[in-house]
Structure formats: C-alpha cells, structure tokens
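Protein chains in written order, with the numbering used here: chain A, 85 to 289; chain B, 85 to 289; chain C, 85 to 289; chain D, 85 to 289. Using N, Cα and C, we set each Cβ at its ideal position, and we do this for glycine too. Note that the structure is predicted; figures quoted are calculated from it, not measured. A quick write-up on the structure given underneath.
There are 4 protein chains.
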Amino acid sequence: MERTARREQVLKCAVRVFSRKGYHATTVSDIIAEAGVARGTFYLYFKSKRNIFDELLDDYLQRILSQVRRVDMSEGAEPPLDQMRGEVERILGVLLGSRELSRILLHEAVGLDADFDRKLDEFYSRLAALTEGSLRLGQTMGLVTECDVRVASLCIIGSVKEVVDHLLIEPDALPETSILAEEVLNIILGGLFVPSARTRPAQAP
Amino acid sequence: MERTARREQVLKCAVRVFSRKGYHATTVSDIIAEAGVARGTFYLYFKSKRNIFDELLDDYLQRILSQVRRVDMSEGAEPPLDQMRGEVERILGVLLGSRELSRILLHEAVGLDADFDRKLDEFYSRLAALTEGSLRLGQTMGLVTECDVRVASLCIIGSVKEVVDHLLIEPDALPETSILAEEVLNIILGGLFVPSARTRPAQAP
Amino acid sequence: MERTARREQVLKCAVRVFSRKGYHATTVSDIIAEAGVARGTFYLYFKSKRNIFDELLDDYLQRILSQVRRVDMSEGAEPPLDQMRGEVERILGVLLGSRELSRILLHEAVGLDADFDRKLDEFYSRLAALTEGSLRLGQTMGLVTECDVRVASLCIIGSVKEVVDHLLIEPDALPETSILAEEVLNIILGGLFVPSARTRPAQAP
Amino acid sequence: MERTARREQVLKCAVRVFSRKGYHATTVSDIIAEAGVARGTFYLYFKSKRNIFDELLDDYLQRILSQVRRVDMSEGAEPPLDQMRGEVERILGVLLGSRELSRILLHEAVGLDADFDRKLDEFYSRLAALTEGSLRLGQTMGLVTECDVRVASLCIIGSVKEVVDHLLIEPDALPETSILAEEVLNIILGGLFVPSARTRPAQAP
DNA sequence: AATGAATGAGTCTTCATTCAT
DNA sequence: AATGAATGAAGACTCATTCAT
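This is the structure we're talking about:
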C-alpha cells in the first residue's frame with residue numbers, strides 16, 4: 085500500500101478508537117487491531133501513541149480555526165450580524181460533521197497532560213481573540229452592547245462547546261444544525277431576558 | 085491519628101496532587117508522599133485510586149448542586165431575576181473558591197473513562213434541568229424570551245464553565261467575582277446585540 | 085526481607101547472570117528468575133537494567149583501585165621492588181578472586197556504550213597514572229630502566245588483563261596466583277631477553 | 085552496480101558505523117543509511133546483521149594472522165631478535181593502520197556473544213601459540229630467559245592490545261609507530277628493572 | 001539488481017494493589 | 001492504626017528480517 089494512503093488509514097482508525105475509548109484507555113494494540121496492521125507498521129508512520137494523537141488533533145484544530153474569519157467591513161460585504169451568524173453556523177457544522185473528532189477535542193484531549201493543556205489553551209485563546217475582535221468591531225458600529233468583550237467571547241465559545249458536547253451524547257436532543265445556530269445566536273447574542281426585564285436595560289432605543 | 089481526621093487529610097492531599105498533575109499522571113505514590121503516610125495506610129481509607137477520586141469529586145458535585153435552587157415564586161420572595169443572578173453568583177463563588185477542585189472538575193475529570201463520563205453527564209443534566217425549570221418559569225411570567233430552553237440552559241452552563249476555566253489559568257484576567265457574575269448575566273441573559281439590531285427582534289416593545 | 089539484604093541478593097544474582105550471558109543477552113527476566121523475585125521487586129531496588137550493571141561494576145572498579153597504592157619510599161618501608169610485586173599480586177588476587185566480576189569487567193563491560201567506555205577509560209587512566217608514578221620513582225632510584233613510562237604502564241596493565249582473561253577461560257592453564265605474579269613480574273619487569281641479547285643493551289653489567 | 089563492488093561498499097560502510105556506534109547500537113538502518121542502499125539490498129548481500137559483522141571481523145583476523153610468521157632459523161635468515169621486533173612492528177602497523185577495524189576488534193567484538201567469544205578466543209590462542217613457538221625457540225638458542233612461555237606470550241599480546249587501544253582513543257599520546265614498537269619490545273622483552281635490581285637475577289651470563 | 005512497506009517477536013518499565021509484620 | 005516490601009499484569013516501543021513489486 086502507498087505510504088500516504090496507509091498513513092491516512094491508520095490515522096482514521098485511531099480517531100475511531102480514541103473517540104470510542106478515550107486516550108488512556110486506548111492501547112496501540114487497539115489501534116492496530118482496528119486498522120488491521122502489524123505493530124511495527126504503526127511505528128513506521130507514527131513516533132508514538134502520543135504523537136498520533138497530537139497529529140490528529142492538530143489537524144482538527146487547524147481545520148476549525150480555518151473556519152473563523154474576521155468580520156469583513158468592506159463596502160458591499162454581508163451585514164456584520166449575518167457574518168457572525170454564518171461563523172457560528174460554520175463552526176457548528178464542522179464540529180457536528182466530525183463527531184468523533186469533536187468528542188476527542190471536548191473530552192479526551194482535556195486534561196491529557198500539561199503540554200496538551202497548553203496547546204488547547206493556545207487554540208481557545210486564538211479563537212477568543214478572533215471573536216473579541218469581531219465583537220469590538222460590532223461595538224464601534226453600535227450593533228453590540230457595551231460589555232466586557234473578553235467575557236463575552238468566553239461565553240460564546242463555552243456555549244458552542246456545551247451545545248456541541250450535548251449533541252455528541254444525544255444526537256437528536258436538539259433541533260437541526262441550521263436552526264440550532266439560529267437559536268444559539270439568539271440566545272447568546274440576543275439575550276434571554278425580554279428587554280423590559282433586563283437588569284441594566286440595554287440601551288433603550 | 086483519629087480515623088476521620090486522617091481520612092480528611094489524605095483526601096485533601098489527593099485534591100492537591102490531582103489538581104496539579106491530573107488523574108492519570110498522579111500516582112498513589114504521589115499522594116502518599118504528599119500526605120506523608122505509608123502506602124498501606126492509603127488503602128486503609130480508600131479502596132483504590134479511582135475510589136478516592138470518585139469520592140472527592142462526588143463531594144464537590146454535591147456541594148455545587150446544593151447551591152442551585154429552584155426559583156421561588158411564593159409571595160414575598162426575591163424578584164425572580166435577582167434570584168437567578170444570585171444563583172450564578174453563588175455558583176461562580178463556589179467554583180472560584182475551590183480552584184483546585186474546579187480544575188479537577190473541568191480538566192482532570194473530563195474523559196476519564198466511560199463510568200465517569202456518565203457521572204458528569206448526570207450532574208450536568210441535573211444542573212440543566214434545574215436551569216431549564218427556572219427559564220421555563222420565567223417564560224410563563226413573561227420575563228424570558230421565547231426560545232429553546234434546553235439550548236439556553238446549555239449556554240448558561242457552558243458560559244460559566246468557560247469563564248471559570250479561564251480564570252483558573254489566568255486568575256487576574258477578568259473582573260472580580262461579583263462584577264463578573266453581573267457581566268456574565270448581562271451577556272448571556274441580556275444579550276449582546278442591541279435590541280434594534282437583533283435577528284428576530286425579540287418582542288418589539 | 086530487609087531492604088539491604090534483598091538488594092544485595094538481587095545484585096549478586098545479577099552478577100551471576102551478567103557474567104554467564106553477557107550484558108545484552110541478559111534480560112531483566114533472567115535476573116529476577118535467578119533471584120526468585122517478582123519483576124516489580126527488581127525495579128524497587130534498581131532504576132533499570134543499565135543501572136544495576138553500572139552499580140555492580142562501579143563497586144568492583146572501586147574495589148580494585150583501592151588495592152593500588154603508591155610506592156612508599158619512607159624510611160623502613162618495604163623495598164620498592166617488593167612493593168610493586170605485592171601490588172601485582174594483590175590485583176591478581178582480587179581479579180582471580182572474583183572471577184564473575186572480572187569476566188564482566190574484561191568482557192561484558194567492553195564496548196557496552198559510549199558512556200561506559202568513558203567510565204572504563206577513566207578507570208584505566210587512573211590505574212595507569214598510579215603505575216606511571218611508581219615507575220618514575222623507580223627510575224629516579226635507579227631501579228627501573230630508562231623508558232617511556234606511559235608505554236610501560238600500559239604494558240603492565242595489558243599483561244595483567246590478558247593473563248587474567250586467559251585464566252577466566254581456562255582456570256588451570258597457568259601456575260597458581262602467587263607463582264603467577266612472580267612470573268608476570270619477571271617477564272614484564274625483568275624482561276624476556278637475556279641481557280646480552282637485548283636490542284639496546286640496558287645497562288651492560 | 086556490480087555485485088562485488090556493491091558488496092564491498094556496504095561492507096566498508098558497516099565498518100564505519102560499527103566502529104562509531106558499536107555492534108549493538110548499530111542498526112541495519114544505520115548501515116543502509118550510510119551506504120545509501122535500500123533495506124532489501126542489504127539482505128541481498130548479507131544474511132544478517134550478525135553475518136556482516138562476522139565477515140568483516142573474520143577478514144580482519146585473517147589479515148592480522150597473516151602478518152605473524154614463525155621465526156625463521158634457516159641459514160642466512162635475519163637475526164631472530166630482529167625478526168621478533170619486525171613481527172611486533174608489523175602487527176602494530178596493521179592495527180594502527182586500520183583504526184576502525186581495530187576499534188571493532190578490541191571493543192565491539194568483545195563480549196558480543198558466546199559464539200563470538202569462542203572465535204576471538206581461538207584467534208588469540210593461535211596468536212599465542214605462534215608467539216610461544218618463537219619464544220621457545222629463542223630459549224633453546226639462549227636468547228630468551230627461562231620463563232613460562234605461555235605467560236610470556238600472553239604478556240606480549242596483552243601489551244600490544246593495550247597500547248593499541250590507548251592509541252585509538254588518544255592518537256597522539258604516544259611516540260610514532262616504529263619508535264613505539266622499539267619501546268614496547270624493550271619494555272616487554274627487555275624488562276623494566278635494571279639487571280642488578282631484579283628479583284631472580286635473569287641468568288647472569 | 002534493487003526497493004521499501006510490512007511484520008511481530010521480544011524487552012523494558014510502570015504502578016495499582018496486597019499482605020505479613 | 002500503620003507500615004512498606006513484594007507482586008505481576010499491562011503496555012509502549014524497537015528492530016532484524018521478509019517479500020511482493
């Protein structure tokens with residue numbers, strides 16, 4: 085078999101097993117059994133169990149980040165709010181489209197070890213930075229309420245994570261992706277309280 | 085030393101070590117070294133490494149749940165909105181008051197194994213159920229916008245988790261707890277968009 | 085069993101096995117089988133297979149070096165020549181008294197790896213330095229011929245090694261230790277050629 | 085590439101690597117990387133890693149042995165003493181001329197395994213037998229002192245090994261080859277002690 | 001004649017748990 | 001109530017060798 089094909093195959097099998105059993109419970113034996121290759125073959129393509137996990141998640145993080153764009157303010161671009169909704173939709177799409185990888189991201193990769201925590205940290209920081217940027221921009225345009233954008237971006241990220249996580253466990257518990265995105269957006273961004281009930285009335289018109 | 089005191093001491097040390105190194109990286113040797121007891125002593129009080137972790141987290145989950153109350157609608161009770169704000173404040177307080185345990189809850193306990201995932205699942209489900217109840221109530225009272233309360237409760241929980249997690253890593257990154265609770269509430273519950281900018285205008289006044 | 089006793093026992097067994105099978109052919113399984121202990125017990129006392137080998141040989145090198153004394157020139161001391169003979173005898177005695185360790189020193193430890201080579205190197209250098217010192221002293225006293233003492237000390241060391249090595253293979257091939265020491269001394273130090281036949285007649289009588 | 089040429093090339097590369105890293109630390113991968121051939125190619129020319137090492141050392145042992153001649157007593161031959169000096173010089177020459185192979189012989193081949201030890205043993209035995217023969221002859225001619233020739237030959241061999249070994253580590257530590265041979269001969273054969281100081285006066289003429 | 005992907009037996013090492021004192 | 005020596009199952013990783021192309 086060709087080098088890249090075999091590599092890809094083993095990687096795919098590893099995703100499956102890691103997602104099913106978790107990082108620690110997964111043994112190299114499990115992976116090679118799933119892939120139907122010999123022990124040595126595994127090490128022909130990956131330096132270690134840790135290494136294949138790294139790689140697999142790095143790819144995924146990359147893929148997710150690539151979906152996040154800065155809000156485009158240029159003439160004729162989509163309305164900023166629609167852009168943000170699109171963002172959330174796209175990310176939800178990626179996460180729910182690769183359930184196994186998402187499970188790994190949200191469950192198995194958490195608390196793996198110090199190095200990995202750092203890596204995830206950086207990922208979420210970057211995500212947060214991008215989100216903050218968009219929010220800040222929205223504020224200058226008068227579309228987003230005055231608030232601590234750092235906290236706000238954490239809320240958006242946390243909400244998406246929690247919703248996705250829930251859907252990984254009970255796939256049919258919530259509405260379909262596109263509706264869901266809409267819903268999440270309305271809740272997080274639009275607020276739960278009816279305007280008149282708000283603590284600090286958010287800028288009455 | 086007295087049975088309960090010793091037990092408590094070992095438990096406390098275990099929290100420290102688990103928080104610092106994570107569940108898998110922590111060995112029983114680490115724990116007994118921290119506690120300054122012999123190996124045998126550990127097993128005198130706890131059935132296994134897994135068992136002490138269980139116990140320690142169960143206690144914590146219990147403590148957190150005890151902070152969550154159903155919204156009280158009886159005559160003369162606090163205004164519902166204030167109650168919810170109090171809820172979030174109390175939970176944030178507990179989580180940020182026990183940083184080590186929170187670290188364990190949010191990092192080390194995640195993806196530990198199937199059994200544990202189930203346990204956490206149940207915990208978050210219960211939390212969500214309570215939250216949903218309050219939200220639903222708010223809706224009947226016209227205080228909460230029409231929305232999928234299941235999604236909304238996930239957003240609230242996810243936001244709190246994410247904010248706390250961030251504060252565990254960088255303790256001084258965000259405003260002080262009480263202000264933070266206010267902020268989180270305004271963002272999640274009050275919404276980010278200024279009312280006039282909302283996708284589906286939530287109840288035009 | 086007491087810590088030191090058990091440690092000593094395992095060490096002794098390791099010597100036996102290493103001597104019999106060589107470093108690389110010896111597995112930890114071999115050692116624990118010989119010692120009749122469990123796998124974990126081995127690692128309770130020694131960090132690794134390499135580590136037990138190190139320790140075992142370090143001890144031996146130490147023991148050998150402790151036998152080498154500088155020639156004592158003070159009033160009333162033994163005649164220098166007798167001292168040197170005593171030296172050779174003592175060393176031969178140690179080496180032939182611990183055949184297994186000597187086998188390890190001369191066979192298994194050679195070419196083990198770069199680190200070990202360095203260690204042996206340093207050992208032989210120290211041995212050579214001590215020998216050179218004695219020879220140089222002998223020269224100033226007119227007892228030792230003019231020659232390159234560095235070469236001479238290498239010859240002495242090499243001769244002892246070769247003789248011992250031979251005796252490890254065929255224990256009864258050569259005369260008994262004390263006679264052997266005498267013989268080696270006469271040959272190395274006294275020379276093989278009858279004086280009149282020497283290349284550069286060393287001090288015609 | 086032609087069969088013999090390719091074979092020779094791989095062999096040469098193997099010498100280099102074995103000398104640098106030692107037998108055990110050298111992997112077949114190292115050798116083929118050095119030679120720039122594919123894995124399969126290696127096994128086209130050599131049965132195994134062990135086999136190429138065998139071959140390489142066998143060749144060398146052969147080459148060394150071929151330098152050792154019985155002392156020629158026939159009418160008109162060189163004086164026996166000069167012949168012996170020539171012997172030592174030639175052997176030193178060969179050993180110092182092929183430093184990598186000598187390193188392998190003196191370091192990596194020692195204690196490799198039982199089979200190999202036997203092979204080396206036989207080599208040194210043959211060398212010793214030849215040397216003993218010459219010494220015995222020297223004795224009958226009155227040129228060599230009365231002594232145990234078995235011990236004497238071991239001393240000669242051991243001295244040469246040690247001196248060469250030292251020179252492999254520090255190439256410039258000792259005098260140049262030809263002078264060195266002279267020196268070694270004078271020391272081993274001629275003796276270190278001035279005649280009057282000898283234990284058992286070596287047969288005063 | 002050459003390649004290099006695949007194999008799997010073989011070892012070291014870790015660590016939770018037990019139990020005699 | 002406490003100790004700590006002993007256990008052994010489990011798992012990661014290496015590398016010489018084979019064989020289809």
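Exposed unless 16 or more other CB atoms sit within 10 angstroms - verdict on residue i
i: Asp249 (chain C); result: buried
i: Leu149 (chain D); result: exposed
i: Arg187 (chain A); result: buried
i: Thr88 (chain D); result: exposed
i: Lys96 (chain B); result: exposed
i: Arg284 (chain A); result: In this prediction, Arg284 (chain A) has a pLDDT of 39, which is less than 50 and means its spatial position is unreliable; what the coordinates show is noted afterwards. Exposed, since its Cβ has fewer than 16 Cβ neighbours within 10 Å.
i: Ser132 (chain D); result: exposed
i: Arg210 (chain D); result: exposed
i: Glu206 (chain C); result: exposed
i: Thr110 (chain D); result: buried
i: Ser218 (chain A); result: buried
i: Met85 (chain D); result: exposed
i: Ser262 (chain C); result: exposed
i: Arg154 (chain C); result: exposed
i: Ala119 (chain C); result: buried
i: Glu260 (chain A); result: exposed
i: Gly226 (chain B); result: exposed
i: Glu230 (chain A); result: exposed
i: Ala213 (chain D); result: exposed
i: Glu192 (chain C); result: buried
Extent of the continuous alpha helix (DSSP H) to which residue i belongs
i: Pro164 (chain A); result: Pro164 to Gly181
i: Thr111 (chain C); result: Premise fails: Thr111 (chain C) is in no alpha helix (DSSP H) and is neither H nor E.
i: Val247 (chain A); result: Val233 to Ile253
i: Asp138 (chain B); result: Lys133 to Leu149
i: Arg153 (chain C); result: Run containing Arg153 (chain C): none; DSSP gives neither H nor E here.
i: Gly124 (chain B); result: Arg123 to Tyr129
i: Glu92 (chain A); result: Arg87 to Lys105
i: Ile263 (chain A); result: Thr261 to Val268
i: Ser209 (chain A); result: Ala198 to Thr224
For residue i, the nearest candidate out of the options (CA to CA)
i: Val247 (chain D); options: C:Val94, C:Val247, C:Arg183 and C:Cys239; result: C:Cys239
i: Gly124 (chain B); options: B:Ser218, B:Val94 and B:Leu211; result: B:Val94
i: Ala122 (chain C); options: C:Gln151, C:Leu145, C:Arg90 and C:Pro163; result: C:Arg90
i: Thr224 (chain A); options: A:Tyr107, A:Arg147 and A:Pro164; result: A:Pro164
i: Glu295 (chain D); options: D:Asp143, D:Lys245 and D:His108; result: This structure cannot speak to residue 295 (chain D), because chain D is shown only from 85 to 289.
i: Ile175 (chain B); options: B:Leu273, B:Leu252, B:Val244 and B:Ile271; result: B:Val244
i: Gly170 (chain A); options: A:Gln151, A:Leu185 and A:Glu184; result: A:Gln151
i: Glu173 (chain D); options: D:Glu230, D:Glu254, D:Ile241 and D:Pro255; result: D:Ile241
i: Ile208 (chain A); options: A:Asp197, A:Leu221 and A:Leu190; result: Residue identity check: residue 208 (chain A) is Tyr in the sequence provided, not Ile. Comparing Cα-Cα distances from Tyr208 (chain A) to each of A:Asp197, A:Leu221 and A:Leu190, the minimum goes to A:Leu190.
i: Phe137 (chain B); options: B:Gln167, B:Gly106, B:Asp256 and B:Arg147; result: B:Gly106
i: Asn135 (chain C); options: C:Gln167, C:Leu196 and C:Ala212; result: C:Leu196
i: Glu216 (chain D); options: D:Glu192, D:Met168, D:Ala257 and D:Glu254; result: D:Met168
Self-check item: Inter-stretch contact at 8 Å, needing at least 3 Cβ pairs: the segment 89-103 of chain C / the segment 199-213 of chain B
Solution: no
Exercise. Would you check if there are 3 or more beta carbon pairs closer than 8 Å linking the segment 177-184 of chain D to the segment 105-123 of chain D?
Key: no
Self-check item: Three-pair Cβ contact test at 8 Å for the segment 261-271 of chain B versus the segment 230-239 of chain A
Solution: yes
Quiz item: What residues from the segment 103-127 of chain B come within 9 Å of chain A, judged by C-beta to C-beta, listed N to C?
Solution: Lys105, Gly106, Tyr107, His108 and Ala109
Quiz item: Quick one, which residues of the segment 171-196 of chain B are near chain A if we go by CB-CB under 7 Å, in chain order?
Solution: His191, Glu192, Val194 and Gly195
Quiz item: Between the segment 151-160 of chain A and the segment 127-135 of chain A, do at least 3 Cβ pairs fall closer than 8 Å?
Solution: no
Practice problem: Compile a chain-ordered list of the residues in the segment 227-256 of chain D whose CB is closer than 7 Å to at least one CB of chain C. | Solution: Leu227, Val228, Thr229, Cys231, Asp232, Arg234, Val235, Ala236, Leu238, Cys239, Ile241, Gly242, Ser243, Lys245, Glu246, Val247, His250 and Ile253
Self-check item: Residues from the segment 124-151 of chain D in contact with chain C, defined by Cβ distance under 9 Å
Solution: none
Practice problem: Residues of the segment 152-164 of chain D with a CB closer than 8 Å to any CB of chain C: list them in chain order, please. | Solution: none
Quiz item: Using a beta-carbon distance cut-off of less than 8 Å, what residues from the segment 260-273 of chain A approach chain B?
Solution: Leu264, Glu266, Glu267, Val268, Leu269, Asn270, Ile271, Ile272 and Leu273
Exercise. May I ask you to list, following chain order, the residues of the segment 204-215 of chain B that have a beta carbon less than 7 Å from some beta carbon of chain A?
Key: Asp205
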